[in-house]
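K.L.:
Protein chains: 2
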Amino acid sequence: MRFGKRETLCNLFRIDLPIIQAGMVWTAGAKLAAAAANQGVLGVLGAGSMSPDLLRHHIRKAQSLTQRSLAVNIPLLYHQTEQQIDCALAEGIGIFITSAGSPKTYTRRLKDAGCLVVHVVSSPMLAKKCEDAGVDAIVAEGFEAGGHNGRDELTTLVLIPEIVRAVKIPVIAAGGIASGAAIAAVFALGAHGPQIGTRFAITQESSLHVAFKQAVVDATPDATMLCMKKLVPVRVLKNAFYTQIKTLEDQGASVEDLKSMLGKGRAKKGMFEGDLTDGELEIGQVSGVIEDIPSVAELIARLKKEYAETLQELAG
Amino acid sequence: MRFGKRETLCNLFRIDLPIIQAGMVWTAGAKLAAAAANQGVLGVLGAGSMSPDLLRHHIRKAQSLTQRSLAVNIPLLYHQTEQQIDCALAEGIGIFITSAGSPKTYTRRLKDAGCLVVHVVSSPMLAKKCEDAGVDAIVAEGFEAGGHNGRDELTTLVLIPEIVRAVKIPVIAAGGIASGAAIAAVFALGAHGPQIGTRFAITQESSLHVAFKQAVVDATPDATMLCMKKLVPVRVLKNAFYTQIKTLEDQGASVEDLKSMLGKGRAKKGMFEGDLTDGELEIGQVSGVIEDIPSVAELIARLKKEYAETLQELAG
Chain A
411 MRFGKRETLC NLFRIDLPII QAGMVWTAGA KLAAAAANQG VLGVLGAGSM SPDLLRHHIR
471 KAQSLTQRSL AVNIPLLYHQ TEQQIDCALA EGIGIFITSA GSPKTYTRRL KDAGCLVVHV
531 VSSPMLAKKC EDAGVDAIVA EGFEAGGHNG RDELTTLVLI PEIVRAVKIP VIAAGGIASG
591 AAIAAVFALG AHGPQIGTRF AITQESSLHV AFKQAVVDAT PDATMLCMKK LVPVRVLKNA
651 FYTQIKTLED QGASVEDLKS MLGKGRAKKG MFEGDLTDGE LEIGQVSGVI EDIPSVAELI
711 ARLKKEYAET LQELAG
Chain B
411 MRFGKRETLC NLFRIDLPII QAGMVWTAGA KLAAAAANQG VLGVLGAGSM SPDLLRHHIR
471 KAQSLTQRSL AVNIPLLYHQ TEQQIDCALA EGIGIFITSA GSPKTYTRRL KDAGCLVVHV
531 VSSPMLAKKC EDAGVDAIVA EGFEAGGHNG RDELTTLVLI PEIVRAVKIP VIAAGGIASG
591 AAIAAVFALG AHGPQIGTRF AITQESSLHV AFKQAVVDAT PDATMLCMKK LVPVRVLKNA
651 FYTQIKTLED QGASVEDLKS MLGKGRAKKG MFEGDLTDGE LEIGQVSGVI EDIPSVAELI
711 ARLKKEYAET LQELAG
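Here it is in structure tokens:
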């Protein structure tokens with residue numbers, strides 16, 4: 411039965427390995443998505459940090475670099491969502507991963523256009539709503555994940571079995587997965603496969619600024635923390651900007667204080683432009699175990715090897 | 411190799427199954443520890459909520475109920491630590507699980523007395539310190555665990571591989587483990603076995619007040635939260651007392667404000683006396699998946715069955 415589970419995502423997305431490369435902002439452009447797709451995993455473009463024009467450019471470029479399945483991740487919280495969806499549909503994208511917002515808003519339209527829809531959730535209650543809205547699969551994202559995060563702080567280990575029990579559609583586990591051993595762990599918990607973010611973010615092909623990649627390689631296990639809980643919780647690499655937020659929060663800062671502190675363009679400044687002092691450095695808790703910047707091909711070979719070894723060791 | 415790992419704890423503690431029943435305050439008395447030991451797992455008394463005299467009573471009672479290995483969990487942060495250790499040594503306890511405080515303080519003395527010493531940690535750095543202090547094994551406890559918790563908020567999924575890599579001594583995974591599937595997951599991550607808390611807390615034999623046990627059975631996935639981070643972080647079931655703390659914390663409460671709010675005897679009031687309004691209800695994030703109050707024997711049979719099924723499914 412669980413073997414069948416491991417084939418589910420391959421059949422659904424027409425991929426060779428049941429692994430999703432997360433469509434992260436300022437990280438997942440054409441180079442990363444195409445490299446991932448060419449290794450047989452689902453390559454995903456992160457539209458959250460792209461204007462519709464830039465998204466079109468990345469879709470076309472990625473399509474020129476691979477013949478395999480490509481998806482687009484669209485957070486439903488920016489003002490250009492509608493145009494991003496129009497653009498991706500016009501360019502022939504058939505798999506949409508949506509996050510934030512309600513799964514009801516766009517699922518019907520995307521399904522009517524013949525697309526697959528995956529929605530990202532952080533609680534069993536929202537997973538059930540997704541299923542009711544006709545979503546094809548769930549990404550269940552734990553507290554250890556980088557970037558924007560759920561309010562209930564459910565960890566991947568606790569969240570996955572709860573969501574697997576709550577819905578009948580396939581469940582993709584996200585948050586804290588950067589090794590073949592962790593992939594085996596989430597299969598054991600009942601997931602149909604992993605979505606991997608931070609580990610793909612720290613590869614040669616990701617769009618992150620090289621200074622940020624190196625900072626993650628150098629990071630200690632305690633290097634990230636969830637903050638901005640009163641606004642929208644976000645996990646970041648600790649830096650001077652984080653310390654300022656933390657100080658404000660410890661003093662009981664209001665939502666307005668935090669908004670004005672955050673300002674505009676902080677994530678771009680840190681993640682894309684490499685300002686490690688004043689930028690917002692969104693990244694996962696697994697930063698502490700990441701020690702190199704491999705190519706996507708090297709990474710996938712490593713994950714496959716570690717996964718096979720883990721299963722063998724578990725079998726005794 | 412990993413099969414060897416699964417035998418390590420059995421050989422170390424002379425138990426049949428590589429599982430530790432957590433020695434939780436107001437929860438793990440003679441009945442729970444002896445029942446666990448009689449099922450072949452390591453039964454642990456929670457000395458943290460016991461005077462030396464009460465501890466002596468529980469040790470003797472537990473010894474009268476089982477011939478198998480028994481351990482004592484002693485948090486190194488109360489004024490009676492010295493007397494608790496004297497008492498446990500005098501009563502023939504040979505396995506000590508210490509938590510909080512420095513592993514340097516008592517390890518030498520306990521080792522000289524011929525005992526095994528296990529220390530609870532929440533970061534790789536502290537794990538290394540334990541190894542250097544001569545500790546025999548580590549309990550690595552993730553963010554999802556109930557009760558007192560680490561400051562770095564590392565989840566079990568992220569923490570276990572980091573600690574396995576940091577030390578050569580056996581690593582026991584704790585936090586978020588309440589099923590055979592989760593046991594398989596932590597073995598996949600490289601742990602030598604699980605320490606199980608919340609799931610043992612909600613059994614017939616635990617000392618928790620029945621009203622609290624029922625509240626955990628009724629709990630939804632979002633029912634717990636980590637609070638008191640400025641003081642000593644603690645994961646509790648949300649109730650009126652929690653809401654008061656949360657309100658204070660959101661307003662930027664100081665350590666002193668929190669101390670005076672906490673007062674004395676809150677955990678006893680909630681966990682042992684069943685005051686679900688004003689008590690401090692320490693419990694793990696897995697509360698959301700707990701649906702019954704089995705006997706320890708029923709629980710162990712279930713965990714073994716689920717674990718075997720999970721391995722079989724993973725093997726395809």
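Sequence lines, in order, name chains A and B.
Here the first sequence is numbered in the working numbering, starting from 411 and rising by one per residue.
Here the second sequence is numbered in the working numbering, starting from 411 and rising by one per residue.
Ideal Cβ placement from N, Cα and C applies to all residues, glycine included.
A quick note: this is a predicted structure, and the numbers were derived from the prediction, not measured.
#1: Report all residues from its chain with a CB closer than 7 angstroms to the CB of Ile593/B; omit the five preceding and five following residues, and keep chain order.
#2: By how many angstroms is the C-alpha of Cys637/A removed from the C-alpha of Ala663/B?
#3: Across which residues does DSSP place Met635/B in a beta bridge pair?
#4: Does the distance from the C-beta atom of Val528/A to that of Ala481/A stay below 9 angstroms?
#5: Using the beta-carbon of each residue, which ones in chain A are nearer than 8 angstroms to Ser533/B?
#6: Quick check on Ala550/B: does DSSP put it in helix, strand or coil?
#7: In the DSSP assignment, what residue or residues form a beta bridge with Thr508/A?
#8: Note the first and the last residue of the continuous beta strand (DSSP E) segment covering Gln605/A.
#9: Identify every residue that forms a DSSP beta bridge with His370/A.
#10: Any beta carbon from chain B within less than 9 angstroms of Leu569/A's own beta carbon?
#11: In or out: Phe413/A buried (at least 16 other Cβ within 10 Å) or exposed?
#12: Based on the DSSP secondary-structure assignment, which residues constitute the bridge partners of Ile430/B?
#13: Helix, strand or coil for Gly557/A, going by three-state DSSP, please let me know.
#14: Does DSSP classify Ile570/A as helix, strand or coil?
#15: Would you report the Cα separation of Met411/B and Ala576/B, rounded to the nearest angstrom?
#16: Decide if Asn421/A is buried, meaning its Cβ has at least 16 other Cβ atoms within 10 Å, or exposed.
#17: If you count every other CB in all the chains shown that lies within 10 Å of the CB of Thr517/B, and 16 or more means buried, which is it?
#18: Using a C-beta cutoff of 9 angstroms, does Ile548/A count as contacting chain B?
#19: Does any residue of chain B have a CB that is nearer than 9 angstroms to the CB of Ser589/A?
#20: Per DSSP, which one or two residues make a beta bridge with Ile582/A?
#21: So what does DSSP say about Glu723/B, is it helix, strand or coil?
#22: By the three-class DSSP mapping on this structure, what secondary structure does Glu683/B have?
#23: So is Glu708/A in contact with chain B if we call contact Cβ pairs under 9 angstroms?
#24: Taking the CB atoms as reference points, tell me whether His468/B and Ser509/B lie closer together than 9 angstroms.
#25: Can the beta-carbon of Gly698/A be found closer than 9 angstroms to that of Thr630/A?
#26: Out of curiosity, what's the CA-to-CA distance linking Phe423/B and Ala443/A?
#27: Do you know how far the Cα of Ala591/B is from the Cα of Leu536/A?
#28: Using a 10 Å radius around the Cβ and a threshold of 16 neighbouring Cβ atoms, would you call Leu747/B buried or exposed?
#29: In terms of residue numbering, what span does the alpha helix (DSSP H) encompassing Val596/A cover?
#30: Relative to the alpha-carbon of Leu455/A, which residue among Gln473/A, Asn483/A, Gln477/A, Ala446/A has its alpha-carbon at the smallest distance?
#31: Does the Cβ of Val644/B have 16 or more other Cβ atoms within 10 Å, making it buried, or fewer, making it exposed?
#32: Between the stretch 684-699 of chain A and chain B, which residues of the former have CB atoms less than 7 angstroms from a CB of the latter, in chain order?
#33: Give the residues of chain B in contact with Asp660/A, contact being defined as C-beta atoms less than 8 angstroms apart.
#34: If we ignore side chains and look at the alpha-carbon of each, how far apart do Lys669/B and Ile703/B end up?
#35: Buried or exposed for Thr720/A, going by 16 or more other Cβ atoms inside 10 Å?
#36: With the cut-off set at 9 angstroms, would you say Ser532/A and Gly502/A are in Cβ contact?
P.N.:
According to the structure shown:
#1: To locate residue 593/B, count along the second sequence from 1; it is residue 183. Excluding sequence neighbours, Ile593/B sits near Ile587, Pro604, Leu713, Tyr717.
#2: Along the second sequence, read from residue 1 onward, the residue named residue 663/B stands at position 253. Along the first sequence, read from residue 1 onward, the residue named residue 637/A stands at position 227. In this structure, the CA atom of Ala663/B is about 17 angstroms from the CA atom of Cys637/A.
#3: Position 225 of the second sequence, counted from the first residue, corresponds to residue 635/B. Beta-bridge annotation (DSSP): Met635/B is paired with Val646/B.
#4: Taking the first sequence and counting its residues from 1, the one referred to as residue 528/A is at position 118. Taking the first sequence and counting its residues from 1, the one referred to as residue 481/A is at position 71. Remark: C-beta atoms of Val528/A and Ala481/A approach each other more closely than 9 angstroms.
#5: Within the second sequence, numbered from 1, the residue matching residue 533/B stands at position 123. Going along chain A in sequence order, the residues near Ser533/B (Cβ under 8 angstroms) are Pro631, Asp632.
#6: Along the second sequence, one-based indexing puts residue 550/B at 140. In this structure, Ala550/B counts as strand in the three-state DSSP scheme.
#7: In the first sequence, counting from the first residue as 1, residue 508/A sits at position 98. Answer by DSSP bridge pairing, in chain order: Ile484/A, His529/A.
#8: Here the question's residue 605/A lines up with position 195 in the first sequence. Gln605/A -> beta strand (DSSP E) spans 603-606.
#9: The structure shown does not extend to residue 370/A, since chain A is modelled only from 411 to 726, so the question has no answer here.
#10: Stepping through the first sequence from its first residue, residue 569/A is reached at position 159. Judged by the 9 angstroms Cβ criterion, Leu569/A is in contact with chain B.
#11: Looking up residue 413/A in the first sequence gives position 3. With a pLDDT of 42 at Phe413/A, under the threshold of 50, the modelled position of this residue cannot be trusted; read the value that follows with caution. An exposed status is given to Phe413/A, since fewer than 16 other beta-carbon atoms sit within 10 Å of its beta-carbon.
#12: Here residue 430/B refers to the residue found at position 20 when the second sequence is read from its first residue. In the DSSP output, where bridge partners are listed per residue, Ile430/B has Leu452/B, Gln605/B.
#13: Taking the first sequence and counting its residues from 1, the one referred to as residue 557/A is at position 147. It is a strand residue.
#14: By 1-based counting over the first sequence, the position of residue 570/A is 160. In the displayed model, Ile570/A falls within a helix according to three-state DSSP.
#15: Translated into positions along the second sequence, residue 411/B becomes position 1. Translated into positions along the second sequence, residue 576/B becomes position 166. Low confidence applies to Met411/B: its pLDDT is 31, below 50, so where it sits in the model is not reliable enough to give any reading.
#16: Translated into the one-based positions of the first sequence, residue 421/A becomes position 11. Asn421/A comes out exposed.
#17: On the second sequence, residue 517/B is found 107 positions in, with the first residue counted as 1. Thr517/B is buried by the Cβ-count criterion.
#18: Along the first sequence, one-based indexing puts residue 548/A at 138. For Ile548/A, no Cβ of chain B is located within less than 9 angstroms of the residue's own Cβ.
#19: For this step, residue 589/A is matched to residue 179 along the first sequence. Yes, contact with chain B.
#20: What you label residue 582/A is simply residue 172 of the first sequence in a count that begins at 1. According to DSSP, which records beta bridges pairwise, Ile582/A is partnered with Val549/A, Gly603/A.
#21: Working through the second sequence from its first residue, we reach residue 723/B at position 313. Helix, per DSSP.
#22: Counted from its first residue, the second sequence places residue 683/B at position 273. Note: Glu683/B maps to coil in three-state DSSP.
#23: Translated into positions along the first sequence, residue 708/A becomes position 298. Not a single C-beta of chain B is nearer than 9 angstroms to the C-beta of Glu708/A.
#24: As a working mapping, residue 468/B is identified with position 58 in the second sequence. As a working mapping, residue 509/B is identified with position 99 in the second sequence. Taking 9 angstroms as the cut-off, the beta carbon of His468/B is found no closer than this to the beta carbon of Ser509/B.
#25: Mapped onto the first sequence, residue 698/A falls at position 288. Mapped onto the first sequence, residue 630/A falls at position 220. Their beta carbons are under 9 angstroms apart, which means Gly698/A touches Thr630/A by this criterion.
#26: By 1-based counting over the second sequence, the position of residue 423/B is 13. By 1-based counting over the first sequence, the position of residue 443/A is 33. Cα to Cα, Phe423/B sits roughly 49 angstroms from Ala443/A.
#27: As a working note, residue 536/A is residue 126 in the first sequence. As a working note, residue 591/B is residue 181 in the second sequence. About 23 angstroms.
#28: What the structure shows of chain B is the stretch from 411 to 726, and residue 747/B is not part of that stretch, so it cannot be assessed.
#29: As a working note, residue 596/A is residue 186 in the first sequence. Val596/A -> alpha helix (DSSP H) spans 590-598.
#30: Reading the first sequence from its first residue, position 45 is the one you call residue 455/A. When only C-alpha atoms are compared, the closest one is Asn483/A.
#31: Here the question's residue 644/B lines up with position 234 in the second sequence. Taking a 10 Å sphere around the C-beta of Val644/B, we find 16 or more other C-beta atoms and assign the residue as buried.
#32: So the list reads Gln695, Val696, Gly698, Val699, given in the order they occur along the chain.
#33: For this step, residue 660/A is matched to residue 250 along the first sequence. Result: Lys640, Gly662.
#34: Translated into positions along the second sequence, residue 669/B becomes position 259. Translated into positions along the second sequence, residue 703/B becomes position 293. Whole-angstrom Cα-Cα distance: 33 angstroms.
#35: As a working mapping, residue 720/A is identified with position 310 in the first sequence. Buried.
#36: Within the first sequence, residue 532/A is the residue found at index 122, counting from 1. Within the first sequence, residue 502/A is the residue found at index 92, counting from 1. Gly502/A sits away from Ser532/A, with the two beta carbons spaced by 9 angstroms or more.
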